[in-house]
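Asker: Right, I'll just put the structure down here and ask away after.
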Amino acid sequence: MEEVRIQPMTVEDYDDVRALWMTIRGFGIRTLDDSPADIRRFILRNPTTSVVARIGTRIVGSILCGSDGRQGALYHVCVAKEFRRRGIGTKMVGYCMQQLKLMGINKVSLIAFTANDAGNAFWKQIGWTRKTDVNYYEFVLNQENITQFIGDDADDQ
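Numbered according to this note's numbering, the sequence shown spans residues 1232 to 1388.
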């Protein structure tokens, strides 16, 4: 197998990253937040923190990672199914954490759907703590920003 390269995500990676997202069962894609324009804005705001994993020219993993200046956040963490359990996710998370640390960020959060058994097992395995002392709230400002789920099996994420 070719070497896995962990690299900063660029705006030009969008089509390949979206194609990867579309293969991940249970993955939630938002119509506005995950559009080319909004991902471009996110990457330009966070130019060093998001990441892709490549084998040859193929993107086999990705993470959107950003910061508001106080706390970091990981979004859309994924590895193509046939490349899982090879340390790619762990390497990508490590890359993101290092970039955030260089920015002076001391805390990172993420959301994993409760039905995402594979994802939740991954986060537990690499030492993340599941918070049970907080409630998560959201308020939708734009009703056109609809989440569409890929496939029907959230456990496969």
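All C-beta atoms, glycine included, are put in the ideal place defined by N, C-alpha and C.
1. Going by DSSP, which residues form a beta bridge with residue 1380?
2. Within the segment 1257-1329, note down every full alpha helix (DSSP H) run reaching 4 residues or more, in order along the chain.
3. Classify residue 1235 as helix, strand or coil using the three-state DSSP reduction.
4. For the segment 1368-1376 and the segment 1239-1252, state whether three or more C-beta atom pairs, one from each stretch, are separated by less than 8 Å.
5. When DSSP builds the beta bridges, which residues end up paired with residue 1341?
6. Measure the C-alpha to C-alpha separation of residue 1353 and residue 1375 and round it to an integer number of angstroms.
7. Can you give me the Cβ contacts of residue 1387 inside the same chain, cut-off strictly under 8 Å, excluding the 5 residues immediately before and after it?
8. With a 10 Å radius around its C-beta and 16 neighbouring C-beta atoms as the bar for buried, classify residue 1295 as buried or exposed.
Answerer: Short version:
1. 1259
2. 1267-1276
3. strand
4. The segment 1368-1376, when compared against the segment 1239-1252, does not touch it at the 8 Å Cβ threshold.
5. 1305
6. Their backbone Cα atoms lie some 32 Å apart in a straight line.
7. Because residue 1387 sits at a pLDDT of 39, beneath the cut-off of 50, its placement in the model cannot be relied upon, and the following sentence gives the value as read from the coordinates. 1255, 1256, 1257, 1312, 1349.
8. buried
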